[in-house]
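Asks: Would you mind keeping the following structure in view while I ask a few things?
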Amino acid sequence: MKKKYDVYGIGNAIVDILTEVDDTLLEKHNVEKGLMTLVDEERQEELVQAIDLSGSNKKCGGSAANSIIAVSQFGGTAYYSCKVANDDLGRFYLADLDENGVDTNLTEETCPAGITGKSLIMTTPDANRTMNTFLGITSTFSIEEINEEALKDSDYLYIEGYLVTSDNGREAMRYAKKIAEENEVKIAITFSDPSMVKYFKREMEEIIGEGVDLLFCNEEEALLFTGADTISAAREELKKISKRFAITQGPNGAIIFDGDTFVDIEPYKVEAVDTNGAGDMFAGAFLFGITHGHSHAEAGKIASLASSRIVSKLGPRLEWHEAKEILNHLFEY
63 MKKKYDVYGI GNAIVDILTE VDDTLLEKHN VEKGLMTLVD EERQEELVQA
113 IDLSGSNKKC GGSAANSIIA VSQFGGTAYY SCKVANDDLG RFYLADLDEN
163 GVDTNLTEET CPAGITGKSL IMTTPDANRT MNTFLGITST FSIEEINEEA
213 LKDSDYLYIE GYLVTSDNGR EAMRYAKKIA EENEVKIAIT FSDPSMVKYF
263 KREMEEIIGE GVDLLFCNEE EALLFTGADT ISAAREELKK ISKRFAITQG
313 PNGAIIFDGD TFVDIEPYKV EAVDTNGAGD MFAGAFLFGI THGHSHAEAG
363 KIASLASSRI VSKLGPRLEW HEAKEILNHL FEY
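The following block contains the structure:
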């Protein structure tokens with residue numbers, strides 16, 4: 063029997079504020095380029111004051127949220143467990159999820175008091191993206207936000223690696239993984255960011271435990287997690303923790319392990335404008351593919367093309383028609 067949801071995601075709920083800056087601003091304010099850095103509200107406000115946000119764009123985000131919305135845009139069914147506050151940004155977040163066809167555990171009436179998390183996403187002229195994130199109320203995401211029935215009625219559980227930074231986040235990751243294992247729901251996880259592997263490797267290993275069904279990471283994360291010197295050695299090590307995996311390689315495409323063989327996914331050459339959300343889009347498009355009858359190689363092609371469209375413009379999101387055009391270009395939809 064087909065389950066109600068193709069993918070059930072858990073992760074941080076962050077309103078993304080997308081803006082363009084130059085390197086001198088990052089240097090002046092001692093911002094580490096190319097990484098996601100957790101900051102307090104005061105530090106984030108300091109940066110907000112230094113940047114002209116008149117041309118900024120807001121989207122509901124968070125790593126897993128971007129992937130889950132991608133699943134929906136391609137035509138899949140998706141659920142996202144998250145936590146926002148009963149404030150203007152929280153209401154904006156819920157409305158954006160709804161507009162993108164994603165079910166969630168929260169309503170305006172059940173959102174608690176507090177401050178909704180937000181991420182200042184700064185893109186430099188070289189298309190590199192740097193994030194300063196104030197988690198706000200999403201830092202208290204816990205097992206209370208997990209809808210067991212929706213999770214049980216899903217094909218895949220998708221876990222965001224950023225949750226590994228807090229005790230309650232890790233508890234939620236373990237709890238959701240246990241429910242999935244007990245109900246034959248396949249488990250996918252993303253490392254989310256090199257800093258999660260660099261600073262929380264032991265915690266990440268504990269979450270993965272005896273293994274997962276599907277892992278998403280990039281080259282840097284694969285090397286950091288395995289301690290390998292080459293990507294060839296790293297991918298052999300990753301076989302020990304995940305039945306299947308995808309290693310994204312930026313402009314060089316991706317490597318997919320389908321459980322039996324390695325598949326090289328060719329990149330689609332584009333002029334990079336903004337790398338924000340490329341990995342999230344890859345994961346979401348790939349999950350759509352494998353839950354809709356496509357092979358891992360075919361899903362990789364969908365994901366690669368979708369990611370190329372993302373890096374060629376600002377923001378982590380496709381338009382609905384763009385998702386359909388990608389499928390029509392590759393297959394007869």
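Be aware that the sequence shown starts at 63, since it is given in the working numbering, and climbs by one per residue. Ideal Cβ placement from N, Cα and C applies to all residues, glycine included.
Would the beta-carbon of T186 fall within 9 angstroms of that of D78?
Replies: no
Asks: Cutting at 7 angstroms between CB atoms, please list the residues of its own chain near E107, excluding the five before and the five after it.
Replies: none
Asks: Report the rounded CA-to-CA distance for L277 versus S181, giving the unit in angstroms.
Replies: 25 angstroms
Asks: For V422, collect the residues of the same chain with a Cβ closer than 7 angstroms to its Cβ; drop the 5 residues on either side in sequence, then sort them by chain order.
Replies: With the chain running from 63 to 395 in the structure shown, residue 422 is simply not present.
Asks: Give every residue of the same chain whose Cβ lies closer than 8 angstroms to the Cβ of V332, excluding the five residues on either side of it in the sequence, and list them in chain order.
Replies: S370, R371, V373, S374
Asks: Any chance you could list the beta strand (DSSP E) runs of at least 3 consecutive residues sitting entirely within the segment 203 to 227, in chain order?
Replies: Runs of the beta strand (DSSP E) inside the segment 203 to 227: 216 to 222.
Asks: Are R236 and D275 touching if we call contact CB-CB under 9 angstroms?
Replies: no
Asks: Have a look at K65 and G138 and give me their C-alpha separation to the nearest angstrom.
Replies: When rounded, the distance between both Cα atoms is 12 angstroms.
Asks: On a Cα-Cα basis, can you pick out the residue from G289, S254, Y261, V146 that is closest to A126?
Replies: S254
Asks: Let me check understanding here. Comparing Cα to Cα, which of N245, A250, L286, A189 lies closest to R264?
Replies: L286
Asks: Unbroken alpha helix (DSSP H) runs of length 4 or more, entirely within the segment 337 to 370: which are they?
Replies: 340 to 352
Asks: When you compare only the Cα positions, how much space is there between I293 and A359?
Replies: 19 angstroms
Asks: Whole angstroms is fine: what's the gap from E161's alpha carbon to G198's?
Replies: C-alpha separation (whole angstroms): 23 angstroms.
Asks: Could you have a look at K121 and say whether DSSP puts it in helix, strand or coil?
Replies: In this structure, K121 counts as strand in the three-state DSSP scheme.
Asks: For D150, count the other beta carbons within 10 Å of its own beta carbon; 16 or more makes it buried, fewer makes it exposed. Which is it?
Replies: exposed
Asks: Should E283 go down as buried or exposed, given a rule of 16 or more other Cβ atoms within 10 Å for buried?
Replies: E283 should be labelled buried.
Asks: How should G377 be labelled, buried or exposed, when 16 other C-beta atoms within 10 angstroms of its C-beta is the threshold for buried?
Replies: buried
Asks: How would you label N92, buried or exposed, when you count the other beta carbons within 10 angstroms and need 16 or more for buried?
Replies: exposed
Asks: Leaving out five residues before and five after N230 in sequence, what residues of the same chain have Cβ atoms less than 7 angstroms from its Cβ?
Replies: T202, F203, S204
Asks: May I have the straight-line CA-CA distance separating T195 from N338, to the nearest angstrom?
Replies: 14 angstroms
Asks: Taking the beta carbon of P174 as the centre, do at least 16 other beta carbons fall within 10 Å, making it buried, or is it exposed?
Replies: P174 is exposed by the Cβ-count criterion.
Asks: In terms of residues, what are the limits of the alpha helix (DSSP H) holding G273?
Replies: Segment: none, G273 is in no alpha helix (DSSP H) and carries neither H nor E.
Asks: Taking the alpha-carbon positions, what's the K435 to E246 distance?
Replies: Summary: the structure shown does not reach residue 435, with the chain confined to residues 63 through 395, and so no result is reported for it.
Asks: Identify every residue that forms a DSSP beta bridge with K248.
Replies: Beta-bridge analysis with DSSP links K248 to Y218.
Asks: What are the start and end residues of the beta strand (DSSP E) that includes F307?
Replies: 304 to 310
Asks: Distance check for M63 and V101, CA to CA, integer angstroms please.
Replies: When rounded, the distance between both Cα atoms is 45 angstroms.
Asks: So, M258 versus Y224, is the Cβ gap smaller than 9 angstroms?
Replies: yes
Asks: N74 and G124 look like a contact to me (Cβ under 8 angstroms); what is the Cβ gap, rounded to whole Å?
Replies: About 4 angstroms separates the beta carbon of N74 from that of G124, a gap short enough to meet the 8 angstroms contact definition.
Asks: Could you check where the beta strand (DSSP E) with S143 kicks off and where it finishes?
Replies: 140 to 143
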